[in-house]
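J.: The structure's right below; bear with me while I get my questions together.
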Amino acid sequence: MSEVALFLAHAVALEAEAAERYDELADAMEVHNNRHVAAMFRKQAHYSRLHLAEVMETAKDIALPKLKPWDYQWRTPEGPESAPVERTHYLMTPYHCVHMALQNERRGHQYYADMARTATDPEVRRLADEFAAEEAGHVALLEQMALSVKEPEPDWDQDLDPPVVSD
Amino acid sequence: MTVQLDLSAQDFKSDVKPIWCPGCGDYAVLSALTRALAELNRRPEEIALISGIGCSSRIPAYTNVYGFHGVHGRALPIAAGVKLARPDLTVIVAGGDGDGLSIGGNHFLHACRRNVDMTYLVMDNEVYGMTKGQASPTTSPDWCNSKLTPEGTGIAPVEPVRLALAAGANFIARGFAGNSAEVARLIVEGVNHPGFSFIQILSPCVTYRPEERDWRQMVHPTDQQTPSQTVAEAMRHLADDDGFTTGILFAGSRRPFMPDRATKASIADIERKFAS
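Have a look at this one:
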């Protein structure tokens, strides 16, 4: 298995897992009628899929290995751009959503920057450098967006009647 | 020759959207489970997923394998019945710490010792979430955020993996929902290991136990290169367990329970016996 194919398999999984997680979070927010945040997560899923399509285009002439979920060599417990499930809340606000996406993109950038520095194959280093630059662009965009969202009150998650599962 | 089915995790998800609270670790367990099912190379109709009652016990609805959302605490006997009647099926049981270790605690002990070939996933959030946050059997004694136990329960919690080992489970593992790929691996290993496999999955309830978000910083992989294969060795390791060690903690070699299925008497024979 070539190092380039392995690297691209990771890049595909990184974006696919991020998109899937954002969709799950959007679904969850819709169930709890937090429509604004749901729409924001849905948009993030869309962007992740656009990036996935770009990676797939780069990899179109390369046979990618089929890895088991636990065979991916991330530096984080999950794919670097997958939002940590437990960091969400049904009352979360656009502020939290943007900052969560920002953290995810920063981890993605860090992953590619590390690969660009440490990979032994020069083609992997070149691709990783290119992907890191793209991720840096996403980080910059989200940092801009973060300036425009209002920080919520400290008691934003207080609910006198917390949810109960209902059929 | 084994045919590679090439199914994906998506092939094992149903169209029903989960109604768990956003942030619930059970989302990641569902993701881990469907990824594991895709790796098992079995068709959805060759798998049965049995659950009890509680937030996590809703999981069969979110998959498209055969499912049975059973009675509170009674998932294990139902699952044992399914496996004994249909040994060709892969049987997975799922539920929470309250369902499995309190209401179903007695069934848990006997499922461990009976050692029927099935895999039990306990999504442990140390709280009854569906009923709005009461102390469960795995809640620490000083947790006092429930109106029912404002000064804590004052009772030592059940320690699921030690209990499973003492009761005779043949495979014991612990995972953290925040590492769904690792949980998928544990599920695959558990299903492939003969006998009763018990997997405790630390699954934060961010609504009633928001402090469980910190579990991500508290979990750590086992330092064992290979899982303990004897009860004595596993006991020694678990004696120092802080409750956050993840990985395969025990892989025994007991023969799974499977009664002789050969027909020994007809219904008429049995009726004659009763009549005599």
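Chains A and B, in that order, give the protein sequences.
Following this note's numbering, the numbering of the first sequence begins with 1 at its first residue and continues without gaps.
Following this note's numbering, the numbering of the second sequence begins with 1001 at its first residue and continues without gaps.
A virtual CB, placed ideally from N, CA and C, is assigned to each residue, including glycine.
Hey, residue 1200(B) and residue 1174(B): beta-carbon distance below 7 Å or not?
T.: Here residue 1200(B) corresponds to residue number 200 of the second sequence, with the count starting at 1. Here residue 1174(B) corresponds to residue number 174 of the second sequence, with the count starting at 1. In this structure, residue 1174(B) lies closer than 7 Å to residue 1200(B) by Cβ.
J.: Would you call the CB atoms of residue 115(A) and residue 128(A) closer than 7 Å?
T.: By 1-based counting over the first sequence, the position of residue 115(A) is 115. By 1-based counting over the first sequence, the position of residue 128(A) is 128. Closer than 7 Å, so yes.
J.: Give the single residue among 64(A), 96(A) and 101(A) whose Cα lies nearest to the Cα of residue 19(A).
T.: If you number the first sequence from 1, residue 19(A) lands on position 19. Selected option, being the one with the closest Cα: 101(A).
J.: Let me see if you follow: with CB-CB separation under 7 Å, is residue 1039(B) close to chain A or not?
T.: Reading the second sequence from its first residue, position 39 is the one you call residue 1039(B). Chain A contact via Cβ: present.
J.: With a 10 Å radius around its C-beta and 16 neighbouring C-beta atoms as the bar for buried, classify residue 1154(B) as buried or exposed.
T.: Translated into the one-based positions of the second sequence, residue 1154(B) becomes position 154. So residue 1154(B) counts as exposed.
J.: Per DSSP, which residues does residue 1124(B) bridge with? Please list them.
T.: Locating residue 1124(B) in the second sequence gives position 124, where the first residue counts as 1. Bridge partners of residue 1124(B): 1202(B).
J.: Using a Cβ cut-off of 8 Å, pull out every chain A residue sitting near residue 1035(B), in sequence order please.
T.: On the second sequence, residue 1035(B) is found 35 positions in, with the first residue counted as 1. Going along chain A in sequence order, the residues near residue 1035(B) (Cβ under 8 Å) are 69.
J.: So, does the stretch 68-88 of chain A touch the stretch 142-153 of chain A, judging by three or more C-beta pairs under 8 Å?
T.: No, the stretch 68-88 of chain A is not in contact with the stretch 142-153 of chain A.
J.: By Cβ distance below 6 Å, which residues in the same chain neighbour residue 1100(B) in space, the five residues on each side in sequence not counted?
T.: Sequence index remark: in the second sequence, residue 1100(B) carries index 100 (1-based). Taken in chain order, the residues that qualify are 1108 and 1122.
J.: Output the distance between the C-alpha atoms of residue 1103(B) and residue 63(A), rounded to the nearest integer angstrom.
T.: Within the second sequence, the letter at position 103 stands for residue 1103(B). Within the first sequence, the letter at position 63 stands for residue 63(A). About 51 Å.
J.: When the Cα of residue 1091(B) is compared with those of 1259(B), 1061(B), 1195(B) and 1148(B), which residue comes out closest?
T.: For the purposes of this step, residue 1091(B) is identified with residue 91 of the second sequence, where counting begins at 1. It is 1195(B) whose Cα lies nearest to the Cα of residue 1091(B).
J.: Given 8 Å as the limit, is there contact between the stretch 1141-1160 of chain B and the stretch 1219-1226 of chain B, that is, 3 or more CB pairs closer than that?
T.: No, the stretch 1141-1160 of chain B does not touch the stretch 1219-1226 of chain B.
J.: Please classify residue 56(A): does DSSP put it in a helix, a strand, or coil?
T.: Residue numbering aside, residue 56(A) sits at position 56 when the first sequence is read from its first letter. Reduced to three states, the DSSP call for residue 56(A) is helix.
J.: Which same chain residues, not among the five before or five after residue 1243(B), have their C-beta less than 8 Å away from its C-beta?
T.: Position 243 of the second sequence, counting from 1, holds the residue named residue 1243(B). Here the set comprises 1159.
J.: Beta-carbon within less than 7 Å of residue 107(A)'s beta-carbon, same chain only, minus the 5 sequence neighbours each way: which residues are those?
T.: Here residue 107(A) is taken as the residue at index 107 of the first sequence, counted from 1. Correct list, in chain order: 76, 80 and 81.
J.: Check whether the Cβ of residue 165(A) lies closer than 7 Å to any Cβ atom in chain B.
T.: Here residue 165(A) refers to the residue found at position 165 of the first sequence. With a pLDDT of 47 at residue 165(A), under the threshold of 50, the predicted position of this residue should be treated as unreliable, though the coordinate-derived value follows. It does; some Cβ of chain B falls within 7 Å.
J.: According to DSSP, is residue 1255(B) part of a helix, a strand, or is it coil?
T.: For the purposes of this step, residue 1255(B) is identified with residue 255 of the second sequence, where counting begins at 1. Residue 1255(B): coil per DSSP, three-state reduction.
J.: How many angstroms separate the CA atom of residue 1120(B) from the CA atom of residue 1077(B)?
T.: What you label residue 1120(B) is simply residue 120 of the second sequence in a count that begins at 1. What you label residue 1077(B) is simply residue 77 of the second sequence in a count that begins at 1. Near 12 Å, if we compare the C-alpha coordinates of residue 1077(B) and residue 1120(B).
J.: Note down, in chain order, every chain B residue with its Cβ under 8 Å from the Cβ of residue 129(A).
T.: Within the first sequence, numbered from 1, the residue matching residue 129(A) stands at position 129. The contacting residues do not exist; residue 129(A) stays about 26 Å from chain B at best.
J.: Quick check on residue 29(A) - is its C-beta less than 7 Å from some C-beta in chain B?
T.: Here residue 29(A) corresponds to residue number 29 of the first sequence, with the count starting at 1. Residue 29(A) counts as touching chain B.
J.: Would DSSP call residue 1196(B) helix, strand or coil?
T.: Looking up residue 1196(B) in the second sequence gives position 196. If DSSP states are grouped into helix, strand and coil, residue 1196(B) belongs with the strands.
J.: Per DSSP, which one or two residues make a beta bridge with residue 1310(B)?
T.: Summary: the structure shown does not reach residue 1310(B), with chain B confined to residues 1001 through 1276, and so no result is reported for it.
J.: If we count the other Cβ atoms within 10 Å of its Cβ and call it buried at 16 or more, is residue 166(A) buried or exposed?
T.: Residue 166(A) sits at position 166 when you count from the first residue of the first sequence. Because the pLDDT of residue 166(A) is 41, which lies under 50, any placement of that residue in the model is unreliable, and the question is left without a value.
J.: What does residue 75(A) touch in chain B if you count any residue whose Cβ is under 8 Å from its own?
T.: Taking the first sequence and counting its residues from 1, one reaches residue 75(A) at position 75. Residues of chain B passing the Cβ test: none, with the nearest at roughly 13 Å.
J.: Enumerated in chain order, which unbroken segments of the alpha helix (DSSP H) with a length of 4 residues or greater are wholly contained in the stretch 98-163 of chain A?
T.: 122-148, all fully within the stretch 98-163 of chain A.
J.: Along chain B, in chain order, which residues have C-beta atoms closer than 7 Å to that of residue 32(A)?
T.: For the purposes of this step, residue 32(A) is taken as residue 32 along the first sequence, with counting starting at 1. Correct list: 1022.
J.: Taking 7 Å as the threshold (beta carbon to beta carbon), is residue 1179(B) in contact with chain A?
T.: On the second sequence, residue 1179(B) is found 179 positions in, with the first residue counted as 1. It does: the Cβ of residue 1179(B) has a partner Cβ on chain A nearer than 7 Å.
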